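Q:
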Amino acid sequence: MADITYTGVDNEVSDILNKCFVTSFRNGYIKANGVVMPVYFEKFGQRIQDMDVRDDDIWVCSYPKTGTTWCQEMVWCIANDLDFEGAKQFLPERFPFLDHTPLFDYEKVLPEKPDLKLPLYVSDSIEYISTMKSPRFIKTHLPFKLLPKQLRDGSTKAKIVYVSRNAKDTCLSYFHHSRLLEGYTGNFDDFCKLFTSDSLCFSPFFEHILGYWDRKDDSKLLFLKYEDMKKDLRSVIRQTAKFLNKELLDDQVLVLEDHLSFESMKNNRAVNYEPVIEINKTHNLIDADGTFMRSGTVGGGKQKMSPEFVKIFDDWEEKCLEKCSLKF
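Heads up, the sequence shown is in the UniProt record's numbering, so the first residue is 1 and it goes up one at a time.
Okay, structure coming up:
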C-alpha cells in the first residue's frame, strides 16, 4: 500500500497559483497527504518514504525561508569541528537538499538548453544522498509526516535539527525567494493570500511547525527559532553543539559566531547561492534580480504588509497556536 495519497489543489486562490507560479520547470501542483507540492513530486514521494536512513545522519528540517541555510552552516561547522576549509565546498554538495529534484522538473527544459549541465544533487537529489559517505548532512523542507519512514518511526539514531520562524517574516522572505529562484511573477499581496491560505509548497505552514514542535522532547530532535538565533546566536551555537555531542571552547564559539554573521554569510559564495542565481540568468530560466540573502532581520514582514494583512496573519497565528505554548 502506498504511503502517500495525492489529491488536487483546489481553493479560492488556485487561480493565483496557476497564473503566477507555473513555469517551464513547474507545471502545476498537487497535495501529498494534504501537503502542497509540485506535480513532479509524485514521481519521487515513495522513493523518499523508502529511503535508508543511517544512524549518523544529521537532518536540518524547516519550512522554506526560516533560516535553513544559516542553520545548515552552523550544524555542519559544529559537527565537523569548525573545518572552515571544508566549508568552502558549495553547501548543496556537502549538505544536499533532499527535495530539490521533486521541486524542479527540468525534463522539458534540458532538451532546449544543451549547455545546461545539472549536477546529480540537482538532477536526482535522492540518488545523490544515497551515494554519500557517512556521516551525511541532509536538508529537507518536508513536514514530519512526509519524512522517510525510518526517520518518522525512530528506528535509527539519526538526529533532526528543526528551525522555525514567525509567519510574517517567513512570508516576506519566501516571496523574494520565489521571485528570484522559483519563477513567481505575482505581487506581494497575492503571495500573502497564497501563504495564509496554505497554498504554497510545503504548506500548511503552522501544521509544518507543529509537526516538529510536538516532538520537541524527543532526544533526537532539536527545535530552534530563527528569532533566538538573531537574539543570542552564541547560546544557540552552544545548545546545538550539546545536541550534537560536541564541545566548543569559548573562543571557538566566537569564531563560529563571526563565520555565521549575516555579512559573512552574504559574501560567502559557498552558501549565498550566487552560483545558482548566475546559472538561472545565463540560461534565462528566471527573469528576476536580487540576492538570496536579503536582510536577515526580524520584523520586516510586518513593516512590508498592509494593516489588513497584519491582522489576517495575527488572527491566523492566534488560532493555529492557541492550544500550544509555542510563541513567536
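Ideal Cβ positions, reconstructed from N, Cα and C, are used throughout, including at glycine. Just so you know, these numbers come straight off a predicted model, no measurement behind them.
(1) Go to Gly301, then tell me how far its alpha helix (DSSP H) extends in each direction, as first and last residue.
(2) Beta-carbon within less than 7 Å of residue 330's beta-carbon, same chain only, minus the 5 sequence neighbours each way: which residues are those?
(3) Can you give me the Cβ contacts of Val310 inside the same chain, cut-off strictly under 7 Å, excluding the 5 residues immediately before and after it?
(4) Give the list of continuous alpha helix (DSSP H) stretches no shorter than 4 residues that lie fully inside the stretch 172–198.
(5) Looking at the unbroken beta strand (DSSP E) that takes in Val163, where does it start and where does it end?
(6) Check each candidate in Trp59, Gly67, Phe90, Pro64 and name the one with the smallest Cα separation from Ala79.
(7) Could you tell me how far apart the beta carbons of Arg136 and Asp57 are, in whole angstroms, since I believe they sit closer than 8 Å?
(8) Just to confirm my understanding: we take Asn166, look at its own chain, exclude 5 residues before and 5 after, and list those with CB closer than 7 Å. What are they?
(9) Are Thr156 and Asp124 close, meaning C-beta to C-beta below 8 Å?
(10) Have a look at Asn187 and Asn11 and give me their C-alpha separation to the nearest angstrom.
(11) With H, G and I counted as helix, E and B as strand and the rest as coil, what does DSSP make of Met74?
(12) Would Val36 and Tyr29 be called neighbours here (beta carbons separated by less than 8 Å)?
(13) Among residues of its own chain, excluding the 5 on either side of Thr68, which ones have a beta-carbon nearer than 8 Å to its beta-carbon?
(14) Go ahead and pull the three-state DSSP assignment for Gly211.
(15) Pop quiz: Leu194 and Leu17 are said to be a contact at Cβ under 8 Å. What is the actual Cβ separation, rounded to whole angstroms?
(16) Using a Cβ-Cβ cutoff of less than 6 Å, which residues in the same chain neighbour Asp105 once the five nearest sequence positions on both sides are dropped?
A: On the basis of the data shown:
(1) Taking the first residue of the sequence shown as 1, we reach residue 301 at position 301. Residues 300–304.
(2) Lying outside 1 to 328, the shown extent of the chain, residue 330 is not represented and no answer is given.
(3) The residue labelled residue 310 in the question sits at position 310 within the sequence shown. Result list for Val310: Lys302, in chain order.
(4) The stretch 172–198 contains these whole alpha helix (DSSP H) runs: 188–196.
(5) To locate residue 163, count along the sequence shown from 1; it is residue 163. Boundaries of the beta strand (DSSP E) around Val163: 159–164.
(6) As a first step, residue 79 must be located in the sequence shown, where it is residue number 79. Ranking the options by Cα distance to Ala79, first place goes to Trp59.
(7) Indexing the sequence shown from 1 puts residue 136 at position 136. Indexing the sequence shown from 1 puts residue 57 at position 57. Right, the Cβ-Cβ distance comes to about 5 Å (below 8 Å), so this counts as a contact.
(8) As a first step, residue 166 is located in the sequence shown; it is residue number 166 there, counting from the start. Glu227, Phe328, listed in sequence order.
(9) Counting from 1 along the sequence shown, the entry for residue 156 is found at position 156. Counting from 1 along the sequence shown, the entry for residue 124 is found at position 124. Not a contact, by the Cβ cut-off of 8 Å.
(10) Sequence index remark: in the sequence shown, residue 187 carries index 187 (1-based). Sequence index remark: in the sequence shown, residue 11 carries index 11 (1-based). About 19 Å.
(11) Taking the sequence shown and counting its residues from 1, one reaches residue 74 at position 74. The answer is helix: DSSP assigns Met74 an H, G or I state.
(12) The count along the sequence shown starts at 1 and reaches residue 36 at position 36. The count along the sequence shown starts at 1 and reaches residue 29 at position 29. Closer than 8 Å, so yes.
(13) Walking along the sequence shown from the start, residue 68 turns up at place 68. Once the five neighbours on either side are set aside, the close Cβ partners of Thr68 are Val60, Ser62, Lys139, His141, Val163.
(14) Counted from its first residue, the sequence shown places residue 211 at position 211. If DSSP states are grouped into helix, strand and coil, Gly211 belongs with the helices.
(15) Along the sequence shown, read from residue 1 onward, the residue named residue 194 stands at position 194. Along the sequence shown, read from residue 1 onward, the residue named residue 17 stands at position 17. Yes, they are in contact, since the Cβ atoms of Leu194 and Leu17 sit about 6 Å apart, within 8 Å.
(16) Here residue 105 refers to the residue found at position 105 when the sequence shown is read from its first residue. Phe25, Tyr40, listed in sequence order.
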